[in-house]
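All letters in the sequence shown, in the order written, are residues 55 to 611 by my numbering. The block underneath contains the structure these notes are about, expressed in structure tokens.
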Amino acid sequence: MQWLNENDDVSMDYLHAAYDRDRKDGFQKSSEHALFSTSVVDVFTQLNQCFDVIKKLECPDPEVVKNYMKRFAKTVNKVLIAYSDIVRRDFEKYTSRQKVACIMMNNIQQLRVQLEKVFESMGGEKLDADAANVLNELQSKLNGVLDQLSSIFSKSLEPQIQQSMQELGGLLCKVKGGGQVSLSQPSQRSSIQQESDMVLRPLMDLLDGSLSMFAQVCEKTVLKRLLKELWKIVMHTMEKTVVLPPLSDPRQSGSEEMLLPLPSNAQAKIEDMSRMLLNHVSQMPMNTPMKQVKSIQATFLDMSKEAEKNLSPKQCAVLDMALDTIKQYFHAGGQGLKKTFLDKSAELQSLRYALSLYTQTTDTLIKTFVNTQTQQEKPGQEDPVGEVSIQVDFTTHPGTGEHKVTVRVVACNDLKWRTTGMFRPFVEVHLIGPHLNDKKRKHSTKSKSNNWSPKYNETFQFNLGNEDDPNAYELQFCVKDYCFAREDRLIGIALMQLRDIIEQGSCACWVALGRRVHLDDTGFTVLRILSQRTNDEVAKEFVKLKSECRHLEDIQS
Numbered sequence: 055m056q057w058l059n060e061n062d063d064v065s066m067d068y069l070h071a072a073y074d075r076d077r078k079d080g081f082q083k084s085s086e087h088a089l090f091s092t093s094v095v096d097v098f099t100q101l102n103q104c105f106d107v108i109k110k111l112e113c114p115d116p117e118v119v120k121n122y123m124k125r126f127a128k129t130v131n132k133v134l135i136a137y138s139d140i141v142r143r144d145f146e147k148y149t150s151r152q153k154v155a156c157i158m159m160n161n162i163q164q165l166r167v168q169l170e171k172v173f174e175s176m177g178g179e180k181l182d183a184d185a186a187n188v189l190n191e192l193q194s195k196l197n198g199v200l201d202q203l204s205s206i207f208s209k210s211l212e213p214q215i216q217q218s219m220q221e222l223g224g225l226l227c228k229v230k231g232g233g234q235v236s237l238s239q240p241s242q243r244s245s246i247q248q249e250s251d252m253v254l255r256p257l258m259d260l261l262d263g264s265l266s267m268f269a270q271v272c273e274k275t276v277l278k279r280l281l282k283e284l285w286k287i288v289m290h291t292m293e294k295t296v297v298l299p300p301l302s303d304p305r306q307s308g309s310e311e312m313l314l315p316l317p318s319n320a321q322a323k324i325e326d327m328s329r330m331l332l333n334h335v336s337q338m339p340m341n342t343p344m345k346q347v348k349s350i351q352a353t354f355l356d357m358s359k360e361a362e363k364n365l366s367p368k369q370c371a372v373l374d375m376a377l378d379t380i381k382q383y384f385h386a387g388g389q390g391l392k393k394t395f396l397d398k399s400a401e402l403q404s405l406r407y408a409l410s411l412y413t414q415t416t417d418t419l420i421k422t423f424v425n426t427q428t429q430q431e432k433p434g435q436e437d438p439v440g441e442v443s444i445q446v447d448f449t450t451h452p453g454t455g456e457h458k459v460t461v462r463v464v465a466c467n468d469l470k471w472r473t474t475g476m477f478r479p480f481v482e483v484h485l486i487g488p489h490l491n492d493k494k495r496k497h498s499t500k501s502k503s504n505n506w507s508p509k510y511n512e513t514f515q516f517n518l519g520n521e522d523d524p525n526a527y528e529l530q531f532c533v534k535d536y537c538f539a540r541e542d543r544l545i546g547i548a549l550m551q552l553r554d555i556i557e558q559g560s561c562a563c564w565v566a567l568g569r570r571v572h573l574d575d576t577g578f579t580v581l582r583i584l585s586q587r588t589n590d591e592v593a594k595e596f597v598k599l600k601s602e603c604r605h606l607e608d609i610q611s
């Protein structure tokens with residue numbers, strides 16, 4: 055037992071020496087047909103020699119043998135964990151040398167293969183539970199390390215994938231033709247297939263070169279993991295670069311102060327023009343010359359032209375067919391990823407969903423938004439900036455089925471707003487939902503001067519019609535500070551969805567005001583698509599409502 059204890063240090067020294075030699079030699083393959091390097095062979099040669107010593111003892115006492123096995127299992131665990139830690143530490147230095155990076159991943163996989171052989175030689179299923187648990191946990195840890203390395207290596211390829219996707223997007227823009235596409239017609243299907251192949255060329259050239267090399271130098275298990283990671287990256291990049299492309303930087307306008315700030319990563323799902331303009335202008339000092347404001351607006355209009363990248367039905371069909379081609383490529387006739395994995399992957403489903411939304415009408419998208427965004431009021435609950443008292447009554451005409459909503463704005467309370475000028479709060483009431491293009495969608499109360507708990511007692515009526523279920527509608531209350539000849543300052547937002555009051559028919563309550571509305575991925579996607587419909591007044595109005603944030607308070611330092 056003393057020898058086994060001392061052997062830990064010997065094994066660790068041997069490990070470090072073997073790895074250092076391997077690294078200096080550039081992680082060369084251990085033999086012509088092997089896909090891993092010599093350090094793995096050296097480490098297990100030493101460990102197997104240790105185990106041979108234990109076997110030659112031929113101890114007759116089962117309890118003593120059990121203790122030997124437990125102790126040796128701990129040595130194996132210590133050595134292999136140390137090896138994987140060193141590889142993980144050095145790995146990012148070698149991601150640019152792709153063949154070396156693949157050999158390093160193969161080394162971890164070979165640790166797993168050799169560990170299984172050690173497990174079998176120690177008794178396999180008959181091995182003592184304590185020793186077996188150590189080796190099983192080690193196998194699981196090595197599996198996790200391999201996942202990490204696969205992810206790191208795949209992410210190092212993202213810039214190349216991003217570049218090919220940008221080229222793909224450029225080719226897609228050249229696909230012309232409006233109207234609906236019927237793939238059931240052979241002539242149209244053939245045309246779409248040809249254009250799909252043309253659009254895919256930059257991506258397929260990249261994948262052909264990379265994946266053929268990976269197939270040659272990677273262990274099969276490593277290759278499968280790389281394929282999974284690359285599939286996710288390709289799908290995600292296509293969605294964010296081609297289907298929902300971000301706006302590029304605004305053109306230089308002579309002054310850094312006149313550049314519109316691009317959103318952070320969290321906001322990048324929208325890049326909504328309204329938000330950027332309103333936020334930037336509203337946060338400028340009160341004494342900003344109107345000439346500068348107009349200059350910023352001009353820069354913004356240039357940006358908005360670039361946002362008109364709405365995909366046509368034909369372009370959507372080309373992309374949809376391209377997805378099938380990419381899927382077949384990653385499946386590789388059964389040699390690659392399973393079709394069930396590809397079809398069920400969250401990245402593909404998200405991309406297909408985004409594509410499906412493109413072809414939907416504004417009314418359908420707004421209805422989808424209302425039905426899915428059920429926690430919009432979350433910011434108001436977590437960090438309220440005041441509250442508004444409302445009474446809402448819902449009625450349906452027994453003969454025509456026409457739905458009407460009567461809204462009474464009673465008062466506001468405890469508005470959190472500091473200003474050095476006149477404070478004139480008022481409340482906007484917006485009805486949101488489908489089939490409202492020709493109907494009144496907004497009412498406003500009168501403003502009250504310098505009152506942080508103003509009373510209004512004003513009543514408004516909205517006609518929903520009878521074309522859709524009232525569950526598809528909601529009311530949004532925007533409390534603002536009136537500003538003469540300028541954009542009014544948003545103080546807070548409150549929501550009420552009609553589905554919450556239809557059963558009882560009416561509701562009188564206080565609702566908290568939040569700094570913004572809370573959206574999930576579906577909400578952001580809907581906004582991103584609607585923000586590109588710059589000729590649709592309902593879409594523009596909706597995007598502005600849902601993307602506005604509370605303005606900065608006007609306080610002079």
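Even glycine gets a Cβ: it sits at the ideal position worked out from N, Cα and C.
- In the three-state reduction of the DSSP assignment, Gln-435 falls in the helix class, which pools H, G and I.
- As a beta-bridge residue in DSSP terms, Ile-547 pairs with Cys-532, Gly-568.
- Collapsing the DSSP output to three states places Ser-366 in coil.
- Taken in chain order, the complete alpha helix (DSSP H) segments of 4 or more residues contained in the segment 176 to 238 are 183 to 210, 212 to 227.
- Between Asn-131 and Leu-192, the gap from beta carbon to beta carbon is short of 8 Å.
- The alpha-carbon separation between Cys-532 and Leu-544 amounts to approximately 7 Å.
- For the pair Lys-393 and Lys-124, the Cα-to-Cα distance works out to about 42 Å.
- For His-489, the secondary structure class from DSSP, reduced to helix, strand or coil, is coil.
- The C-beta separation of Asn-160 from Val-276 comes to about 6 Å, placing the pair in contact by the 8 Å criterion.
- The beta carbons of Gln-369 and Leu-226 sit closer together than 8 Å.
- Glu-512 sits in a strand when the DSSP states are folded into three classes.
- Here Glu-212 is near Ile-287, since their CB atoms are less than 8 Å apart.
- If you draw a straight line from the Cα of Asn-197 to the Cα of Gly-178, it comes to about 19 Å.
- Look at Thr-460 here: in three-state DSSP terms it is strand.
- Close CB contacts of Gln-216 within its chain, under the 8 Å cut and outside five residues either way in sequence, are with Thr-291, Thr-295 (chain order).
- For a cut-off of 8 Å, the C-beta gap from Val-464 to Gln-445 is around 6 Å, short enough to register as a contact.
- Judged by pairs of C-beta atoms under 8 Å, the segment 554 to 570 touches the segment 427 to 443, as three or more such pairs exist.
- Taking the Cβ atoms as the reference, Ser-560 lies roughly 7 Å from Phe-448, within the contact range of under 8 Å.
- Beta-bridge annotation (DSSP): Gln-445 is paired with Arg-462, Ala-562.
- With respect to Val-199, Leu-419 sits apart: the two C-beta atoms are not nearer than 8 Å.
- For Pro-479, DSSP records a beta bridge to Asp-535.
- Around the C-beta of Phe-538, fewer than 16 other C-beta atoms lie within 10 Å, and the residue is accordingly described as exposed.
- The C-alpha of Thr-99 is placed about 27 Å away from the C-alpha of Ser-204.
- DSSP, reduced to helix, strand and coil, places Leu-552 within a helical segment of the structure shown.
- Within the model, the alpha-carbon separation for Gly-519 versus Val-592 is close to 17 Å.
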